[in-house]
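Worksheet: the structure to be examined is printed underneath.
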Amino acid sequence: MSPHSGSSNDICKPNLGSSCPNSPNDLKREDEPIPWSKLRHSSKLIGKRATNLYETKGKESKAARLAIKLFKKWGYFVINYDWIFIIICLLISTICFVKILYTPQQNSLTGYAPYGARSRKEEVRYQEFFNSNGRGVATYIFLTAKDNGTMLRERYLNETIHALDLAINNVTIYDNAKNLTEPYHKFCDEFCSINDPIRYFYNGFKIQQNLIQNESLLNGHIDLQYPNSKIFSFEINLQQNFFGIELNNDFKNHKSNNNHQPRSITNMKMVKIISLQLRAFHKPGWTDNSVKKYELDMVDFFTNKYKSENLNIYVMSNTYIEKETIDAGLSILPYLSVGFVIMGICSITSVLLIALHMQQFHLTKILLALMACIVPLLACATSLGILFFCGMRFSSILCVIPFLVLAIAVDSSFLMIHEWQRVLKIQAENPKILRVDFRMAEVLSEVGPSIFISTLTNVFSDAVGVFSSSPEMGLLCIGNLFAMIIAFFYQMTFYAGIMSIVGRYEIYLEKKRQNKLKLENIEDKDQVKHVQAKISKQTKQYVSNSIELYVFIISNKIIAIITLIIYIVYVGLAIWGITVMELGILREEYQIPEFLQATVFVNNPGNMSDLKNVQRLNALVGEMEALNGSWGPIGTKYFMRDFMEFESDNEDLDYDDNTNHSSMINVDDLKSFLDWPEYNYWNGFVKFKNNSDKLDKFFFTTAYHGKELAIWTKRGKLLNQWRDIVDNYSAQYDTTVFNEEDIFIDLIENMPTDAWQSVIGIVACMAIICWIFLDNIFAVIMTSMCIFSICTGIFGILSWLNVSLDPISMTAIMISMGFSVDIPAHVSYHYDQAGHIDQTLTPKQRLATCLSSVAWPAMQSGLSTILCISSLLFVKLYMAEVFFKAMVLTIALCTIHGLVFLPAFLIIYEWIITTVKSLVRHNKVDPTFSLDTNKKIEEDCNKRVSS
Numbered sequence: 029m030s031p032h033s034g035s036s037n038d039i040c041k042p043n044l045g046s047s048c049p050n051s052p053n054d055l056k057r058e059d060e061p062i063p064w065s066k067l068r069h070s071s072k073l074i075g076k077r078a079t080n081l082y083e084t085k086g087k088e089s090k091a092a093r094l095a096i097k098l099f100k101k102w103g104y105f106v107i108n109y110d111w112i113f114i115i116i117c118l119l120i121s122t123i124c125f126v127k128i129l130y131t132p133q134q135n136s137l138t139g140y141a142p143y144g145a146r147s148r149k150e151e152v153r154y155q156e157f158f159n160s161n162g163r164g165v166a167t168y169i170f171l172t173a174k175d176n177g178t179m180l181r182e183r184y185l186n187e188t189i190h191a192l193d194l195a196i197n198n199v200t201i202y203d204n205a206k207n208l209t210e211p212y213h214k215f216c217d218e219f220c221s222i223n224d225p226i227r228y229f230y231n232g233f234k235i236q237q238n239l240i241q242n243e244s245l246l247n248g249h250i251d252l253q254y255p256n257s258k259i260f261s262f263e264i265n266l267q268q269n270f271f272g273i274e275l276n277n278d279f280k281n282h283k284s285n286n287n288h289q290p291r292s293i294t295n296m297k298m299v300k301i302i303s304l305q306l307r308a309f310h311k312p313g314w315t316d317n318s319v320k321k322y323e324l325d326m327v328d329f330f331t332n333k334y335k336s337e338n339l340n341i342y343v344m345s346n347t348y349i350e351k352e353t354i355d356a357g358l359s360i361l362p363y364l365s366v367g368f369v370i371m372g373i374c375s376i377t378s379v380l381l382i383a384l385h386m387q388q389f390h391l392t393k394i395l396l397a398l399m400a401c402i403v404p405l406l407a408c409a410t411s412l413g414i415l416f417f418c419g420m421r422f423s424s425i426l427c428v429i430p431f432l433v434l435a436i437a438v439d440s441s442f443l444m445i446h447e448w449q450r451v452l453k454i455q456a457e458n459p460k461i462l463r464v465d466f467r468m469a470e471v472l473s474e475v476g477p478s479i480f481i482s483t484l485t486n487v488f489s490d491a492v493g494v495f496s497s498s499p500e501m502g503l504l505c506i507g508n509l510f511a512m513i514i515a516f517f518y519q520m521t522f523y524a525g526i527m528s529i530v531g532r533y534e535i536y537l538e539k540k541r542q543n544k545l546k547l548e549n550i551e552d553k554d555q556v557k558h559v560q561a562k563i564s565k566q567t568k569q570y571v572s573n574s575i576e577l578y579v580f581i582i583s584n585k586i587i588a589i590i591t592l593i594i595y596i597v598y599v600g601l602a603i604w605g606i607t608v609m610e611l612g613i614l615r616e617e618y619q620i621p622e623f624l625q626a627t628v629f630v631n632n633p634g635n636m637s638d639l640k641n642v643q644r645l646n647a648l649v650g651e652m653e654a655l656n657g658s659w660g661p662i663g664t665k666y667f668m669r670d671f672m673e674f675e676s677d678n679e680d681l682d683y684d685d686n687t688n689h690s691s692m693i694n695v696d697d698l699k700s701f702l703d704w705p706e707y708n709y710w711n712g713f714v715k716f717k718n719n720s721d722k723l724d725k726f727f728f729t730t731a732y733h734g735k736e737l738a739i740w741t742k743r744g745k746l747l748n749q750w751r752d753i754v755d756n757y758s759a760q761y762d763t764t765v766f767n768e769e770d771i772f773i774d775l776i777e778n779m780p781t782d783a784w785q786s787v788i789g790i791v792a793c794m795a796i797i798c799w800i801f802l803d804n805i806f807a808v809i810m811t812s813m814c815i816f817s818i819c820t821g822i823f824g825i826l827s828w829l830n831v832s833l834d835p836i837s838m839t840a841i842m843i844s845m846g847f848s849v850d851i852p853a854h855v856s857y858h859y860d861q862a863g864h865i866d867q868t869l870t871p872k873q874r875l876a877t878c879l880s881s882v883a884w885p886a887m888q889s890g891l892s893t894i895l896c897i898s899s900l901l902f903v904k905l906y907m908a909e910v911f912f913k914a915m916v917l918t919i920a921l922c923t924i925h926g927l928v929f930l931p932a933f934l935i936i937y938e939w940i941i942t943t944v945k946s947l948v949r950h951n952k953v954d955p956t957f958s959l960d961t962n963k964k965i966e967e968d969c970n971k972r973v974s975s
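If you read the sequence shown in this note's numbering, its first letter stands for residue 29, the second for the next number, and so on.
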């Protein structure tokens, strides 16, 4: 029987095995420490015992009472169909796992753009122009010197041209219509001359270099400058091919008639990167798969087949990025086994230690511990399989879900195991209730509501992420949300069924042991149980002493004030970190400061024979060139300028953008213009209607530079200026502007808003959940304050850990915040509850009661989660690194807030309240005392007067 039965039956019922404190009169005061074993009660946030305790003061949560009632009924129900639930869960998981294996991964770069972002529409118009008939070829080759030096050396330029020749001749694409394979130079058509600036520059460079070696004067007809060079009468623009430019400000271009040798061939001291482009419109005989194969074959050729002596060669295309994203996601999965092994060892060790502590050591505990780790994996398989059956795309980022669910959901199984062992101990003391249905009902009525609340907090955190993140991150939140829901159902069905089967076996062994003792009429002399009892006694004393020592330290007012100061410093550093949180991309350093290109599509050019129409288009180009940082006309590629010069040559007229000679425009000459070798380049900039001579649409590009453009916010400001200009012409010309990084710029602009809205949304959801199930305003306020503080710390400290504010970090933070509520809610709720149970308890005693219930489960769940996700450290992947940092940081901050900052705050709070009340009582004047004193003074005065 429970030692607390008797007069306290209404509070602590014997069949529940309550270990509640004794009556208030038996509790020791602050000067005499209360043993931990007497103070310890429920370690669950809401459960049957906790609610029974709280009801003693007439307060209860209807939602919590309903949840307890339903879970108890479910415990009696699930025990009758345990094998059915197990088989059904395994069958569904197997089917869904097979679905996952046969679902191809698909990734979308535009998925990182926010919902409704303008960049999505701009991307669509870009694709309509280049891939209107199907997917075209778009591959980029980047070359750098292996010695990190400049590419402006003859040997390095020669190898660059050699690499270009290999790319356009040695890699082929299959054409179904022609039934043959073709290299790039056979199908490039409009884009065949796109890399000619590099060839021309190399030829001019080689000529000048030979002249220098021969100690001759340089050729005056060759002017190799950046951004525009001139080779004899042909002018080339280098901005789309040369990056990482360092200019020589002292450069002087000496003509051939100079009498002294020039110091340099070009005004460039350094060219870090040379970029080659392989582009082509879709051909009728191509399929998407053939285009993807061509782009991947290009990567394979320069990665495995061709090895340059002096150059590093990198190939990039959307196909390759998608493949790398898929490979990166799949690279995580092998380490899932590492996480499972770590979690399995942690689970088995933890469960066996608790079993030894409670004198219930048996090998069946190992089975329960292992199945606790298997349930999250079954839930992941089921949830993802169902989502894929419903048509959801298999994004590579979903591969991180098993780690998250395994790390988070396994804690719920721990709660069930610990409560299971508690009830088992009660049944061992009360043979009459040695029934598995009673045991399961007691377990679920106690821990079921707590597991349900934890599931809700995680689900609502993910739900906020679904609506505030980009679509790609939304997929991750949806997947994790659904996995947490399935994990909850599997714990209530599959795992409960496993526990019932194990329970029957344990009851069978216990009855067998008792019958044997009864038949032999001897006392139980099981040496193992004696050893377990001895260990249990020692561990109880150790834990009790540790709790008492910690409470003694943390409740010291000086220590509490120091802790509060540390907290203020923590908040300050976190806020500072938030203010300096940035986002960066590696290639910015070399490419962006020299060249940021705007591509403007004119989808309805109108009548190009109308000079006023052309002049208005010229005005659009002029406004784009007038912006700060623009290279001006030398950085613009606008076919009409060359076409008008072509026309003016035919008319013997001089042309500029404002020329007012309508007779010089003849759109019928446009095709002839494009057929000329020196103008063939412009074919890639225009499209005609149904292969006719009528211009359908075109685009022009203009370039910008400036070191400040390496900052994302500055780029965002420039992008908005582009859009403002383009919008002024959109009604007439259906104009749109495009840059490959618009997606990320739009995302960055929305990121601060997304961040604070997500934090507020999650804190509000957590507060509502706490209010519904706890019905305790003190716990709700304390918990909400801690969650907000934890959120601030996560953002700020991640900034100091060099984590940028991007979609991945935002999603990792939101998912992690789901389990930031547990420990602060435990501490604040149990602290306040202890005061309701006995209003004479001091803050120190209430804190001892609280921490005795919360400390060990908090440390155990936090340690197990960290150990599980530590397997992500083996993955050399940004996503894995960010999730590891975010989750470890959340767990650490949650634990520190719950066990350090919050107790210190409570001690200071109670100290301030007590001090204020004491001062009020000391200074308060009693009205009755004042009247009596006045009467005595009057009587004394009257007596003196009469005498």
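Every residue, glycine too, gets a C-beta built ideally from N, C-alpha and C.
Here Phe233 is not near Glu187, since their CB atoms are 8 Å or more apart. Using a C-beta cut-off of 8 Å, the segment 164-183 makes no contact with the segment 515-522, since fewer than three inter-stretch Cβ pairs fall below that distance. The segment 693-700 makes no contact with the segment 204-218, as fewer than three CB pairs between them are under 8 Å. Taking 8 Å as the cut-off, the beta carbon of Ala876 is found no closer than this to the beta carbon of Leu927. Of the other Cβ atoms in all chains shown, fewer than 16 fall within 10 Å of the Cβ of His950; this residue is therefore exposed. The Cβ-Cβ distance between Leu443 and Gly507 does not fall below 8 Å. The criterion of a C-beta distance shorter than 8 Å is not satisfied by Pro211 and Leu266.
The criterion of a C-beta distance shorter than 8 Å is not satisfied by Leu432 and Leu412. Boundaries of the alpha helix (DSSP H) around Glu651: Leu639 to Glu653. Rounded to the nearest whole angstrom, the CA to CA distance from Asn247 to Gln237 is 10 Å. Uninterrupted alpha helix (DSSP H) stretches at least 4 residues long and entirely within the segment 181-258 occur at 182-198, 212-215 and 224-241, given in chain order. Per DSSP, the continuous beta strand (DSSP E) segment holding Arg307 begins and ends at Met296 to Ala308. For Tyr168, the three-state secondary structure derived from DSSP is strand. In terms of Cβ geometry, Thr918 and Ile851 do not form a close pair [threshold 8 Å]. The straight-line gap separating the alpha-carbon atoms of Gln253 and Trp828 is approximately 42 Å. Straight-line measurement puts the Cα of Cys896 at about 24 Å from the Cα of Leu118. Between Gly605 and the set Phe309, Glu474 and Leu833, the nearest pair of CA atoms involves Leu833. Here the alpha carbons of Glu768 and Glu151 stand approximately 8 Å from one another.
Secondary structure remark: continuous beta strand (DSSP E) runs of at least 3 residues inside the segment 721-773, in chain order: 723-732 and 763-766. With 16 or more neighbouring CB atoms inside 10 Å of its own CB, Ser899 falls in the buried class.
Pairwise C-beta distances place the segment 575-587 in contact with the segment 928-943, as three or more of them are shorter than 8 Å. Annotation for Thr627: the continuous beta strand (DSSP E) segment containing it runs Leu624 to Val630. Taking each of Ile293, Ala602 and Thr943 in turn and checking the Cα distance to Ser244, the smallest one comes out for Ile293. In this chain, the beta strand (DSSP E) harbouring Lys715 covers Val714 to Phe716. Counting only runs of 4+ residues, the alpha helix (DSSP H) found wholly inside the segment 365-435 occupies 392-417, in chain order. Residue range Leu339 to Ser345 is occupied by the beta strand (DSSP E) that includes Leu339.
DSSP places Phe113 in the helix class (H, G or I) of the three-state scheme. Ile809 and Val787 have their C-alpha atoms some 16 Å from each other.
Counting only runs of 4 or more residues that sit fully inside the segment 480-549, the alpha helix (DSSP H) segments are 499-518 and 524-548, in chain order. With a contact defined as Cβ atoms closer than 8 Å, Ile302 and Asn269 qualify at about 6 Å.
Counting only residues of its own chain and dropping the five nearest sequence neighbours on each side, Trp939 has a CB closer than 7 Å to the CB of Lys585. Exposed is the label assigned to Cys418, since fewer than 16 other Cβ atoms lie within 10 Å of its Cβ.
For Thr868, the secondary structure class from DSSP, reduced to helix, strand or coil, is coil. As the crow flies, the alpha-carbon of Thr483 is around 15 Å from that of Ile429.
By the neighbour-count definition (other C-beta atoms within 10 Å, threshold 16), Ala759 is an exposed residue.
The alpha-carbon separation between Phe215 and Leu324 amounts to approximately 17 Å.
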